[in-house]
Amino acid sequence: MSSASFDFTPLLPAGLPPPAARWSGRVKYDFTGGNNDADRLPLDGLIAAADAVLRREGRTLATYGLNSGPQGYRALREFLVAKLKADAGIACVADDILITSGSLQALDLVNGTLLERGDTVIIEQDCYQGSINRLIRLGVTPVGVPLDRNGMRVDALSTALDDLKRKGILAKYIYTIPTVQNPTGTILPVERRQEMLRLSAAHGVPIFEDDCYCDLIWSGERPPALYAMSERGGVIHIGSFSKSIAPALRVGYIVAPWDVMSHMLALKTDAGSGALEQMVLAEYCAAHFSKHVPMLRRGLRSKLETLMESLNEHFGTAAEFDDPKGGIFLWVKLPDGVDTMKLYHPALAAGVAINPGPEWSVNKD
52 MSSASFDFTP LLPAGLPPPA ARWSGRVKYD FTGGNNDADR LPLDGLIAAA DAVLRREGRT
112 LATYGLNSGP QGYRALREFL VAKLKADAGI ACVADDILIT SGSLQALDLV NGTLLERGDT
172 VIIEQDCYQG SINRLIRLGV TPVGVPLDRN GMRVDALSTA LDDLKRKGIL AKYIYTIPTV
232 QNPTGTILPV ERRQEMLRLS AAHGVPIFED DCYCDLIWSG ERPPALYAMS ERGGVIHIGS
292 FSKSIAPALR VGYIVAPWDV MSHMLALKTD AGSGALEQMV LAEYCAAHFS KHVPMLRRGL
352 RSKLETLMES LNEHFGTAAE FDDPKGGIFL WVKLPDGVDT MKLYHPALAA GVAINPGPEW
412 SVNKD
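See below:
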């Protein structure tokens with residue numbers, strides 16, 4: 052019996068997202084997704100790293116690459132220990148880190164550990180689409196906090212926490228992308244980080260810190276991570292190699308206290324994230340990461356400047372945007388009354404793929 056002769060529709064549960072369209076190829080100018088610069092992928096270095104590590108440790112792939120245990124390849128976790136200390140001020144050990152299949156699995160593990168249907172979380176008003184959509188599908192209520200040119204407004208965060216307290220609601224976490232926020236490209240100053248931590252402690256609400264874009268700050272200098280600044284351990288930190296090396300490698304990580312990490316590990320039932328990818332990354336990054344990332348930043352910055360110049364030339368004052376402080380995105384505001392959802396298909400027909408703004412907003416406007 053062919054699959055076309057059987058009707059699966061009555062079996063589909065309520066609440067599924069709309070069905071995906073069939074793949075029809077990439078458009079010429081694709082501004083969607085977390086794609087990196089293909090011309091700056093360190094292919095030769097990754098090839099050499101793969102050759103070296105496979106010759107040395109390739110036989111460990113016969114056992115799912117779990118010789119380092121279920122938290123991931125130890126050499127990669129040790130690299131992260133040193134990197135996080137040097138870059139973000141995070142003092143941790145390898146056993147505080149869990150390697151994941153990209154930051155999306157990290158999101159799912161944190162949500163699976165902390166959330167259940169009917170819960171409430173606090174999130175940036177304009178935020179990463181993947182985070183918002185996951186909350187909606189889980190039946191969790193996201194409370195949006197507005198941003199300005201310095202990231203999440205902590206005065207508005209305080210108001211949101213107070214409002215929830217009056218209603219007898221305890222938010223499960225405060226989700227933030229403080230270092231190169233997606234999509235606005237802002238960086239939360241140290242003073243706001245301190246106030247966010249104070250509010251977190253006062254209300255008993257942990258912080259979920261998404262640091263996936265922190266390697267792509269144009270200046271190369273960043274504030275300490277919220278995880279590093281916390282004195283009470285109420286922060287879960289996630290990151291990724293997708294933006295700094297290559298998205299298709301699908302390698303991310305979580306840094307968290309063991310009392311919550313142990314529950315995430317119990318939920319991670321995939322028999323381990325890709326071992327070969329972890330081995331190659333560890334081999335490559337130990338020798339080349341610090342040289343590769345500045346080159347990548349320069350290339351991305353050059354492309355951003357070209358994009359901003361083109362918007363100024365063709366849209367003039369109709370397109371408003373701030374120069375982001377890093378990252379791979381540009382948040383463009385069009386005049387009131389312009390529905391970017393209606394722009395999507397005409398743009399796609401012209402060979403340009405964009406992310407409509409409402410898809411990246413808690414209020415969908």
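The sequence shown lines up with residues 52 to 416 when you count with my numbering. By construction, the Cβ of each residue, glycine as well, lies at the ideal position given by its N, Cα and C atoms. In this text the structure is predicted, and so the values were computed from the model without any measurement.
| Item | Value |
| --- | --- |
| Three-state class that DSSP yields for S182 in the structure shown | helix |
| The region 388-404 in contact with the region 52-72 per 3-pair CB rule at 8 Å | no |
| Coarse secondary structure for D170, derived from DSSP in three states | coil |
| Check whether L267 and I379 have beta carbons under 8 Å apart | yes |
| Anticipated Cβ contact below 8 Å, I220 with P193, distance rounded | I220 to P193, Cβ: 13 Å. No contact. |
| Same chain only: Cβ atoms within 8 Å of L198, ignoring 5 sequence neighbours per side | E175, Q176, D177, R204, Q232, T235, T237 |
| Boundaries of the alpha helix (DSSP H) in which S154 is found, first to last residue | 153-165 |
| Per-residue burial, H365 [other beta carbons within 10 Å of its own, 16 or more giving buried] | exposed |
| Inter-residue spacing [alpha-carbon to alpha-carbon] between M315 and L332 | 23 Å |
| Range covered by the beta strand (DSSP E) that runs through S353 | Segment 326-366 is the alpha helix (DSSP H) holding S353; no beta strand (DSSP E) there. |
| When D90, R188, L327, P409 are compared against A126, the one with the closest alpha-carbon | L327 |
| Integer-rounded CB distance, given that L158 should sit under 8 Å from Q122 | About 18 Å; that fails the 8 Å criterion. |
| Cβ-Cβ separation, G140 to K294 (assumed contact under 8 Å), whole Å | Contact doesn't hold; Cβ gap of about 20 Å is too wide. |
| Uninterrupted alpha helix (DSSP H) stretches inside the region 75-157 (no shorter than 4 residues) | 94-108, 125-139 |
| Rounded C-alpha distance that separates M52 from T60 | At M52 the pLDDT is 47, less than 50, meaning the model places this residue with poor confidence and gives no usable figure here. |
| Span of the beta strand (DSSP E) around E260 | 258-261 |
| Continuous beta strand (DSSP E) stretch holding T227: start and end | 225-227 |
| Own chain partners of A423 with C-beta closer than 6 Å, once the 5 adjacent residues on each side are dropped | Past the edges of the chain, shown from 52 to 416, lies residue 423, and the structure says nothing about it. |
| Distance CB(L381)-CB(L355) smaller than 8 Å | yes |
| Beta carbon of T164 nearer than 8 Å to that of K223 | no |
| Delimiting residues of the beta strand (DSSP E) encompassing V286 | 286-291 |
| Residue interval of the beta strand (DSSP E) (run including V194) | 192-196 |
| As assigned by DSSP and simplified to three states, the class of A211 | helix |
| Residue span of the beta strand (DSSP E) that contains Y304, given as start and end | 303-306 |
| Range covered by the alpha helix (DSSP H) that runs through Q245 | 241-254 |
| 6 Å Cβ shell around L63 - same chain, five flanking residues per side excluded | none |
| Host alpha helix (DSSP H) of L399 (start-end) | 391-400 |
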